[in-house]
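Residue numbers (this note's numbering), protein chains in the order written: chain A, -15 to 187; chain B, -15 to 187. Following: one structure in structure tokens, then a few remarks.
2 protein chains.
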Amino acid sequence: DISDNTIKRICSIFGSLSAMEKRGVEFVSSKELAGYIGSTEYTVRKDISILGVTGYTRRGYEVSGLKKELECKLNLSKKKKACIVGLGRLGTALLDYEKFQEDGFEIVAGFDCSINRIERLNTHIEVFQISYLKDTIQQRSIELGIIAVPAKSAQEVADDLIEAGVKGILNFAPVKIGVPKHIIYLEMDFTNALRFIAARSSL
Amino acid sequence: DISDNTIKRICSIFGSLSAMEKRGVEFVSSKELAGYIGSTEYTVRKDISILGVTGYTRRGYEVSGLKKELECKLNLSKKKKACIVGLGRLGTALLDYEKFQEDGFEIVAGFDCSINRIERLNTHIEVFQISYLKDTIQQRSIELGIIAVPAKSAQEVADDLIEAGVKGILNFAPVKIGVPKHIIYLEMDFTNALRFIAARSSL
Ligand SMILES: NC(=O)c1ccc[n+]([C@@H]2O[C@H](COP(=O)([O-])OP(=O)(O)OC[C@H]3O[C@@H](n4cnc5c(N)ncnc54)[C@H](O)[C@@H]3O)[C@@H](O)[C@H]2O)c1
Ligand SMILES: NC(=O)c1ccc[n+]([C@@H]2O[C@H](COP(=O)([O-])OP(=O)(O)OC[C@H]3O[C@@H](n4cnc5c(N)ncnc54)[C@H](O)[C@@H]3O)[C@@H](O)[C@H]2O)c1
């Protein structure tokens, strides 16, 4: 079994390779890759070999080839379906966020508990009242639920998403929620980003 | 000089210590800390000692003590001033985001290029037309600029923030912007979070 931390590092390697490919870089050494993602040369080679990927030449890894292999092993090229619960300011900003599509996810539905909010929204993505959550998730095989409701409703929304059958949850509400072990759960808060800026400006 | 990657790791250690303190944990080993943040035992000890912090006992690091020392060395306890440029859906959601205050930042101003948008906003934070950016940043000693404008305006806004004298920029627009070396720059996009969820669900 591959650990979460190993997967996060491999995703960062994939991110660096995509950026290099856009810049036209052909080869990259494990030392350079380690520098980009904040890891060590030894760990980069170990992480890549865990996925059964080989191909290190005298000039290093071949950027496009390695990127394609990682994309396939991580199953990043298959588009997955996602939905957003909570269509307030943040939720509607996320509905329009064009980068989702580039990263392998497709927003196929939005939900809110306020009928007034749903009727006033002008968006190309279909929006529903929260009572249609379970049926819509099952009918459209939605794998990822994105939580953009106030903190006090986040746990209840998470429970409903899990019961409806999602595989993963991305939580934007500033509150810790409990999920069963089989659910992939990430909090989207920029605490670490703010701390880094504060720390960097004083060291 | 301490590298960006080292600072990011130390900020993650600080984050883990705060969470442990809330749970009432008294001691933690470097091995446990390494597991929480995805690092190695050796690197955790090295990173902490770089800041000149000692105090490893037979039972491990003392959680509250180490947290306080890191908070002081990273200068996280002093509140820094921030502003948001772009008061659309995302920008107004950020104006109200109560977690900013907890993480050592205080939003003291918002800016937008649309007068209509500024007049309609009902918020406790003072909002200005974009032409007042430089004067307000200098008068209020604002150190961090947060970009929440459409991608096509992000570079121009970044240039204005830098000219006005900010130390750091947190960019939410999905576009790469160029900044001089002395500016601390971070992009806030959840590509890595989405990739991790996609990869974890298939491995
Ligand atoms: N992590 C970040 O980057 C970030 C940034 C800004 C805001 N936030 C957080 O995102 C959340 C949303 O913020 P916002 O500014 O959009 O708030 P908002 O009040 O504008 O929107 C919340 C929406 O959720 C709906 N809602 C409430 N309870 C619901 C439920 N049980 N089921 C379905 N819909 C429900 C409301 O009708 C409303 O439309 C908050 O928790 C906020 O703290 C996170
Ligand atoms: N990283 C993320 O998590 C995330 C999520 C959603 C949206 N976004 C991005 O955030 C940005 C804002 O999204 P939104 O949905 O709030 O858009 P929006 O259209 O609702 O708001 C944009 C605001 O910026 C203002 N503006 C435009 N040009 C400006 C300039 N030169 N100076 C000052 N103000 C200016 C507009 O008047 C408007 O009020 C977009 O770039 C979007 O792609 C990021």
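Quick reminder that beta carbons are idealized off the backbone N, C-alpha and C, glycines included. Predicted model, so just to flag it, every value in this text is computed and none were measured.
**OP:** Would you list, in chain order, the members of the segment 155 to 174 of chain A that have their beta-carbon closer than 8 Å to a beta-carbon of chain B?
**Re:** 158, 168, 170, 172, 173 and 174
Original post:
According to DSSP, is residue 161 of chain A helix, strand or coil?
Top reply: coil
Subject >> Under 7 Å by beta carbon: chain A residues contacting residue 31 of chain B >> reply: Ordered by position in chain A, no residue passes the 7 Å Cβ test against residue 31 of chain B, which lies about 11 Å from the chain.
Subject >> Bounding residues of the beta strand (DSSP E) (the contiguous stretch that carries residue 92 of chain B) >> reply: 89 to 96
Original post:
Going by the beta-carbon positions, is the gap between residue -3 of chain A and residue 47 of chain A smaller than 8 Å?
Top reply: no
Subject >> Contact the segment 120 to 128 of chain A vs the segment 144 to 153 of chain A: 3+ CB pairs below 8 Å >> reply: yes
Original post:
Closer than 7 Å: is that where the CB of residue 134 of chain B sits relative to any heavy atom of ligand 2?
Top reply: yes
Original post:
Which residues in the same chain have their Cβ closer than 6 Å to the Cβ of residue 54 of chain A, if we skip the five residues on either side of it in sequence?
Top reply: -2
**OP:** Say whether chain A places a C-beta atom closer than 8 Å to the C-beta of residue 14 of chain B.
**Re:** no
Original post:
Out of curiosity, what's the CA-to-CA distance linking residue 83 of chain A and residue 154 of chain A?
Top reply: 15 Å
Original post:
Would DSSP call residue 51 of chain A helix, strand or coil?
Top reply: helix
Subject >> First and last residue of the uninterrupted alpha helix (DSSP H) at residue 100 of chain A >> reply: 99 to 104
Original post:
Roughly how far, in whole angstroms, is the beta-carbon of residue 183 of chain A from the beta-carbon of residue 60 of chain B, given that I think they are within contact range, below 8 Å?
Top reply: 7 Å
**OP:** Compute the minimum distance between the beta carbon of residue 187 of chain B and the heavy atoms of ligand 1, and state whether it is under 7 Å.
**Re:** no
**OP:** Mind checking the segment -6 to 11 of chain A against chain B and listing, in chain order, the residues whose C-beta falls within less than 8 Å of any C-beta there?
**Re:** -6, -5, -4, -2 and -1
Original post:
Where do the N-terminal and C-terminal ends of the alpha helix (DSSP H) with residue 1 of chain A fall, by residue?
Top reply: -12 to 6
**OP:** Would you kindly check if the distance between the Cβ of residue -5 of chain B and the Cβ of residue 180 of chain A is under 8 Å?
**Re:** yes
**OP:** Whole angstroms is fine: what's the gap from residue 140 of chain A's alpha carbon to residue 164 of chain A's?
**Re:** 14 Å
**OP:** Kindly indicate if chain A contains any beta-carbon less than 8 Å away from that of residue 60 of chain B.
**Re:** yes
Original post:
Taking Cβ positions only, does residue 146 of chain B come closer than 8 Å to chain A?
Top reply: no
**OP:** Compute every distance between the C-beta of residue 21 of chain A and the non-hydrogen atoms of ligand 1, then say whether any falls below 7 Å.
**Re:** no
Original post:
So is the beta-carbon of residue 24 of chain B under 7 Å away from any non-hydrogen atom of ligand 3?
Top reply: With respect to ligand 3, the structure shown offers nothing to examine, as its ligands consist of ligand 1 and ligand 2.
**OP:** Taking the CB atoms as reference points, tell me whether residue 89 of chain B and residue 64 of chain B lie closer together than 8 Å.
**Re:** yes
**OP:** For residue 84 of chain B, verify whether its CB is less than 7 Å away from any heavy atom of ligand 2.
**Re:** no
**OP:** May I ask you to report which of helix, strand or coil DSSP gives residue 41 of chain B?
**Re:** strand
Original post:
What does a CB cutoff of less than 8 Å around residue 9 of chain B pick up in its chain, not counting 5 residues either side in sequence?
Top reply: 47
**OP:** Buried or exposed for residue 62 of chain B, please, with buried defined as at least 16 other CB atoms from any protein chain shown within 10 angstroms of its CB.
**Re:** exposed
Subject >> Pair within 8 Å by beta-carbon distance, residue 157 of chain A and residue 131 of chain A >> reply: yes
Original post:
In chain A, what lies closer than 8 Å to residue 82 of chain B by C-beta?
Top reply: 158
Original post:
Under the rule that 16 or more other beta-carbon atoms within 10 Å means buried, what is residue 41 of chain A, buried or exposed?
Top reply: exposed
Subject >> Cβ-based neighbour list, residue 39 of chain A, same chain, cut-off 8 Å, excluding 5 preceding and 5 following >> reply: 45, 46, 49, 50 and 53
**OP:** Take residue 107 of chain B and list the residues in its own chain whose beta-carbon comes closer than 6 Å to its own, dropping the five residues that flank it on each side.
**Re:** 79
Original post:
Who are the Cβ neighbours of residue 114 of chain A in its own chain at under 6 Å, not counting the five residues just before and after it?
Top reply: 95 and 97
Original post:
When every heavy atom of ligand 2 is checked, does at least one fall within less than 7 Å of the C-beta of residue 81 of chain A?
Top reply: yes
Original post:
By a C-beta neighbour count over all protein chains shown, 10 Å radius and 16 as the cutoff for buried, is residue 14 of chain A buried or exposed?
Top reply: buried
Original post:
Quick one: is residue -7 of chain B buried, meaning 16 or more other Cβ sit within 10 Å of its Cβ, or exposed?
Top reply: buried
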